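2 protein chains.
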Amino acid sequence: MPMSTDPSGAPALAGGTATTLRQRNSSAVLDIVRRASTPLRVAEIAQAASLSRPTVETVAEGLLDQDWLLLADADDAGAPSVGRPARLYRFNERAGFVLGVDVGAHSVTVAIGDLRGGIVATERHRVAPELPAIERLAATSDVIAALIAHTGIARSDILAMTVGTPGTVSPATDRVGLSPGMPGWPEVDVVGALAASVDCAIELENDANLAAVGERARGIGAGCADMVFLLLGERLGAGIIANDALVRGRNGAAGELGYVPVRGARDRDPRFGPLESRVNASALVRMGLRAAAEHPDSALAASAELSAGDVTLAATRGDAYASGLVRRLARRIAHGIAPTLLTLNPELLVVGGGVSLAGEVLRSALASAITKVVLYPPEVRLSALGDEAVVLGAVTQSLERVEADVLARVSA
Amino acid sequence: MPMSTDPSGAPALAGGTATTLRQRNSSAVLDIVRRASTPLRVAEIAQAASLSRPTVETVAEGLLDQDWLLLADADDAGAPSVGRPARLYRFNERAGFVLGVDVGAHSVTVAIGDLRGGIVATERHRVAPELPAIERLAATSDVIAALIAHTGIARSDILAMTVGTPGTVSPATDRVGLSPGMPGWPEVDVVGALAASVDCAIELENDANLAAVGERARGIGAGCADMVFLLLGERLGAGIIANDALVRGRNGAAGELGYVPVRGARDRDPRFGPLESRVNASALVRMGLRAAAEHPDSALAASAELSAGDVTLAATRGDAYASGLVRRLARRIAHGIAPTLLTLNPELLVVGGGVSLAGEVLRSALASAITKVVLYPPEVRLSALGDEAVVLGAVTQSLERVEADVLARVSA
DNA sequence: AGCAATTTAGAAACGCAATTGCTTTATGTA
DNA sequence: TACATAAAGCAATTGCGTTTCTAAATTGCT
């Protein structure tokens with residue numbers, strides 16, 4: 001009988017000296033104040049932290065000295081207005097900042113957020129999809145620099161940066177694996193190149209993963225433990241959250257649903273996976289062109305050059321043919337991702353990306369199609385963040401890193 | 413901009429008083445000694461725990477008083493035999509015990525393990541698949557009681573029990589959802605009925621999930637962060653581990669891959685899901701009967717009553733027709749679970765259950781079929797634990813619960 | 001304006017736990 | 001029997017959290 005030789009080297013519950021205890025209590029106090037929606041009195045913090053008032057007092061004083069906390073004005077909280085007024089502590093959400101970056105095929109977006117998750121500023125630049133990797137990196141650096149300059153935030157105050165990119169991101173090496181949409185992208189060292197832009201840790205992450213994180217934190221489905229985010233445009237990718245954590249897989253290739261094998265996707269564009277080529281924006285255009293030829297009375301026939309946006313727009317405006325195409329697309333998607341939903345049994349499926357602009361037609365069609373192929377159908381929602389899901393998720397991810405690495409280790 | 417209102421009530425890093433510190437250090441010391449393969453000297457523990465020797469000394473003394481630790485004989489460790497001999501502490505793996513229970517359609521298995529994961533004793537009783545739920549519960553209680561009596565372990569020394577069952581297990585209610593193989597099973601309160609058998613917490617868990625846990629802890633793929641365990645017999649279920657944790661989903665229905673929709677599975681047995689009915693033991697029998705009729709020279713034609721075991725046996729013995737059938741089955745499985753593998757990108761796929769008795773033929777066929785439909789094919793292995801995977805996983809699960817609930821809270 | 005009531009801030013005393021540094025004990029070897 | 005060596009045991013010190021008391025700053029009432 002082999003014993004369970006779990007080779008996890010680090011003991012999870014490391015004890016320590018009295019100083020460790022003080023550090024933990026500092027973090028706990030900071031955490032409580034940070035999560036609170038109003039400024040807190042010392043007594044309130046003490047109760048929340050299960051600590052005595054004098055302890056909280058000294059700890060809070062220390063955090064005040066280090067600018068993690070600020071004193072709030074008395075009128076900010078509904079305090080009982082009799083007796084000596086309490087000092088009110090509030091979290092200094094501008095004690096540091098975090099960056100989120102979305103390097104997409106068509107645009108580079110950067111957002112800077114404060115330590116409470118509030119977005120301070122955003123900057124987006126459009127780029128050509130065929131832009132060489134080096135220039136794409138340069139453009140990214142430029143946008144980051146512009147945003148930092150524009151907001152006047154000190155470089156040293158930026159505590160973490162997360163970069164979202166299409167393609168797989170190997171967790172070990174922080175390099176992009178396959179990323180068919182952007183030429184030369186897997187060959188460049190994204191993290192290395194952007195390291196000159198900031199003085200903090202940089203994390204590289206798949207864009208669909210970040211969209212899932214963003215949507216969970218600030219959009220649809222707050223605090224949902226198990227969810228799937230479908231990023232569907234020209235490409236199809238999924239961000240998967242299980243047990244409140246991102247699922248990345250061995251190669252960071254988890255959620256690459258575009259490559260789900262599908263019957264009838266034989267003579268497809270080799271740049272796309274089988275399912276992808278059946279449900280992406282181009283597929284919708286192909287379907288639209290065929291419908292336009294067959295039905296000249298459709299709104300689809302109006303455009304000379306039909307784009308995916310034309311089809312989704314026509315669908316949202318109620319064109320019967322366009323809506324029919326969207327419904328057919330929804331059935332294909334449902335069939336393709338059914339095993340994913342059966343595998344994870346998530347509460348929620350969020351649809352984002354360009355194709356999600358088809359709106360409620362797509363959502364309801366997808367929901368009903370899923371009901372037919374799955375045991376416990378999840379709720380189906382459209383992305384609430386649209387094309388900002390990835391950047392906002394990147395900011396959220398940076399923030400989580402700061403919480404774990406910085407805020408959990410405040411000293412005094 | 414909405415702030416990230418994460419409604420997680422409990423602050424993760426709760427600090428505390430000096431007593432808390434002592435408790436943490438006690439747990440750390442206990443943990444270190446428990447994970448060590450040889451008895452440890454105080455100085456060694458102190459180094460591993462980053463604590464001073466006197467502290468470890470008093471803590472260890474307390475753990476000795478409470479029987480969590482024992483003194484080992486001097487000759488047990490390769491110590492330098494000069495100077496005053498060190499006291500050697502070792503973990504008392506018999507300070508408590510954990511139970512694992514596998515209530516299957518055909519048998520009830522119970523195993524008792526010590527706190528190091530070693531299996532002390534096992535007991536299995538065969539039962540009829542059509543046994544009513546009440547009697548199945550009674551049989552389970554009997555086996556548990558028999559094992560406890562047989563080993564002579566005090567009831568109060570049993571610290572946790574985990575019960576594995578086919579079907580979905582709702583995490584909130586601890587009730588079995590759908591479980592088509594066992595009549596009346598979802599209607600009974602399994603945990604409630606077995607509560608009389610022990611004086612500890614009882615956890616109910618899906619059998620495939622436990623098989624995954626067991627295989628990860630004591631079989632193939634030790635410490636693998638992302639893996640899928642396919643439990644394939646008459647039914648098809650999967651246990652999924654992502655980020656080192658079981659994925660249960662909202663309804664505990666994660667991994668119910670038997671219900672993956674498949675073309676060409678129309679006129680199927682309504683008790684089975686589409687994919688299930690195409691790849692389960694009965695499907696193999698149907699394929700075998702057809703092959704036997706067409707090819708009287710096959711070993712398959714020898715048996716009057718063909719069973720799945722006959723086919724897998726013939727395949728392992730090298731019968732060409734039987735092997736061909738197994739390969740075809742493997743292709744069907746590969747196609748059905750491809751989206752699951754794309755979704756999770758696991759390192760490892762373990763195949764267990766009755767059909768896995770087909771052995772290497774199945775494994776290699778599955779591995780090569782998977783390579784064709786997946787981006788990064790996982791390693792494919794056969795279960796090393798066979799029909800003990802579920803019980804052993806149950807024991808492992810109980811042990812993990814004890815680690816979190818008991819060992820992490822030792823007092824002095 | 002002055003005083004009581006009320007609530008918070010600040011300070012002293014105490015106790016627990018971990019650390020450093022020293023002494024004592026138990027063994028092997030000359 | 002002495003000596004070297006390594007570990008156990010003990011005392012003093014320090015850091016932190018808690019309890020308990022006293023001082024301070026308000027509102028409301030007379």
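Line by line, the protein sequences give chains S and G.
FYI, the numbering for the first sequence is 1 to 412, going by our numbering.
FYI, the numbering for the second sequence is 413 to 824, going by our numbering.
Just so you know, even glycine gets a beta-carbon here, dropped at the ideal spot from N, CA and C.
Quick caveat, the model's predicted, so the values are computed rather than measured.
About 13 Å separates the Cβ atoms of Val355 of chain S and Phe229 of chain S, ruling out a contact at the 8 Å cut-off. Of the residues assessed, Gly525 of chain G falls on the buried side of the cut-off, its CB having 16 or more other CB atoms within 10 angstroms. The C-beta of Ala650 of chain G comes closer than 9 Å to at least one C-beta of chain S. The three-state secondary structure of Ile153 of chain S, taken from DSSP, is coil. In this structure, the straight-line span from the alpha carbon of Gly359 of chain S to that of Thr316 of chain S is close to 6 Å. In the displayed model, Ile158 of chain S falls within a strand according to three-state DSSP. Ser735 of chain G and Pro790 of chain G have their alpha carbons spaced roughly 23 Å apart. Rounded to whole angstroms, the gap between the alpha carbons of Ala222 of chain S and Val29 of chain S is 24 Å. At a cut-off of 9 Å between C-beta atoms, Asn663 of chain G counts as an interface residue with respect to chain S. Of all residues in the stretch 435-455 of chain G, only Gln435, Arg436, Asn437, Ser438, Ser439, Ala440, Val441, Asp443, Ile444, Arg447, Ser449 come within less than 9 Å of chain S when Cβ atoms are compared, listed by chain position. Arg94 of chain S places its beta carbon 9 Å or farther from that of Val33 of chain S. A contact between stretches requires three or more CB pairs, one per stretch, nearer than 8 Å, and the stretch 116-127 of chain S fails this requirement with the stretch 173-188 of chain S. In the assembly as shown, Arg155 of chain S is an exposed residue. Its beta-carbon has fewer than 16 other beta-carbons within 10 Å.
With a contact defined as Cβ atoms closer than 8 Å, Ser26 of chain S and Gly62 of chain S qualify at about 7 Å. Spanning the alpha carbons of Pro129 of chain S and Arg271 of chain S requires a straight line of approximately 14 Å. Taking CB atoms only, Gly427 of chain G has a neighbour in chain S less than 9 Å away.
A contact is defined here as three or more CB-CB pairs under 8 Å, and the stretch 605-621 of chain G meets this definition with respect to the stretch 662-670 of chain G.
Ranked by how close their Cα comes to the Cα of Pro451 of chain G, the residues G:Asn504, G:Leu701, G:Cys636, G:Ser553 have G:Asn504 in first place.
Annotated three-state conformation of Asp656 of chain G is coil, per DSSP.
A Cβ of chain G is located within less than 9 Å of the beta carbon of Asn243 of chain S. Rounded to whole angstroms, Gly233 of chain S and Asp319 of chain S show a C-alpha spacing of 21 Å. Going by beta carbons, Ala394 of chain S and Gly164 of chain S fall inside the 9 Å limit.
An exposed status is given to His150 of chain S, since fewer than 16 other beta-carbon atoms sit within 10 Å of its beta-carbon.
In terms of beta-carbon proximity, His335 of chain S lines the interface with chain G, with at least one pair separated by less than 9 Å. In the DSSP annotation of this structure, the continuous segment of the alpha helix (DSSP H) that includes Thr55 of chain S starts and ends at 53-65. Here DSSP, grouped into helix, strand and coil, assigns Ile333 of chain S to helix. Annotated as distal: Val213 of chain S and Leu159 of chain S, with beta-carbon spacing of 9 Å or more.
Only Leu257, Tyr259, Val260, Pro261, Arg263 from the stretch 257-272 of chain S bring a Cβ to less than 8 Å from some Cβ of chain G. Here DSSP, grouped into helix, strand and coil, assigns Asn25 of chain S to helix. According to the DSSP assignment, Gly16 of chain S belongs to no alpha helix (DSSP H), since it is labelled neither H nor E. The Cβ of Pro339 of chain S sits closer than 9 Å to at least one Cβ of chain G. Between the stretch 366-373 of chain S and the stretch 326-346 of chain S, the count of C-beta pairs closer than 8 Å reaches three or more; the two stretches touch. The CB of Leu463 of chain G comes closer than 9 Å to the CB of Gly15, Gly16, Thr17 in chain S, given here in chain order. Under the Cβ criterion of 9 Å, Asp102 of chain S is not counted among the residues facing chain G. No Cβ of chain S is located within less than 9 Å of the beta carbon of Glu617 of chain G. Within chain S, the residues placing a beta-carbon under 7 Å from that of Pro758 of chain G are Gly249, Arg250, ordered along the chain.
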